[in-house]
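In the working numbering, the protein residues as written are 14 to 200.
Reading through the structure tokens given below for one structure.
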């Protein structure tokens with residue numbers, strides 16, 4: 014590998030890392046106070062608990078979206094690395110509680126991953142994810158609770174997809190060309 018191509022590769026890697034960090038900054042934003050209040054009222058009435066559940070969901074959905082909907086298979090890995098780094102320095106978690114927070118996040122991530130299905134799934138079961146969110150917040154899923162939670166999950170999915178597209182681009186294929194038939198290009 015020539016020095017020039019090595020330098021170009023390093024530049025590309027830094028750009029991917031920058032994009033992943035920018036996407037993760039979206040995932041690390043605080044949930045809206047109205048959503049926190051609503052989930053707290055549907056759950057155990059603890060606003061701090063509700064806030065954490067909404068944070069976990071946003072971060073998990075973003076990571077899962079990066080793996081499922083990204084144009085490049087490296088995106089999920091880069092996002093995962095950037096998310097882990099951001100969580101290590103998360104000012105909303107007390108340093109002594111970061112291991113507990115990581116364990117709680119991983120439990121939710123596993124369930125949300127199971128519910129969202131595999132890469133390329135055509136539909137996300139927002140109702141089931143909403144019910145899980147209400148359950149994690151200490152509530153009993155039901156029609157009203159699940160309806161609001163499903164709506165919130167749907168909005169989060171849309172936000173995460175939009176942020177992913179802004180950072181990593183979109184695919185624009187002719188109607189008669191399958192994605193697998195397109196040549197792979199590196200950004």
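All C-beta atoms in this analysis are idealised placements derived from N, C-alpha and C, irrespective of residue type, glycine included.
According to DSSP, is residue i part of a helix, a strand, or is it coil?
i           : result
residue 60  : helix
residue 30  : helix
residue 22  : helix
residue 41  : coil
residue 171 : helix
residue 83  : coil
Report buried or exposed for residue i, applying the criterion of at least 16 other Cβ atoms within 10 angstroms of its Cβ.
i           : result
residue 22  : exposed
residue 143 : buried
residue 109 : exposed
residue 70  : buried
Taking the C-alpha atoms as reference points, what is the distance between residue i and residue j?
i           : j           : result
residue 64  : residue 26  : 34 angstroms
residue 91  : residue 112 : 22 angstroms
residue 44  : residue 53  : 12 angstroms
residue 154 : residue 120 : 19 angstroms
residue 166 : residue 137 : 10 angstroms
residue 141 : residue 161 : 12 angstroms
So, under 8 angstroms CB-CB, residue i and residue j are touching, yes? Tell me the CB distance rounded to an integer number of Å.
i           : j           : result
residue 152 : residue 67  : With a Cβ gap of about 13 angstroms, residue 152 and residue 67 do not count as contacting.
residue 79  : residue 177 : 6 angstroms
Going by DSSP, what residue range makes up the alpha helix (DSSP H) through residue i?
i           : result
residue 102 : Run containing residue 102: none; DSSP gives neither H nor E here.
residue 129 : 111-129
residue 108 : Where residue 108 is concerned, there is no enclosing alpha helix (DSSP H), given that its DSSP letter is neither H nor E.
residue 51  : 46-55
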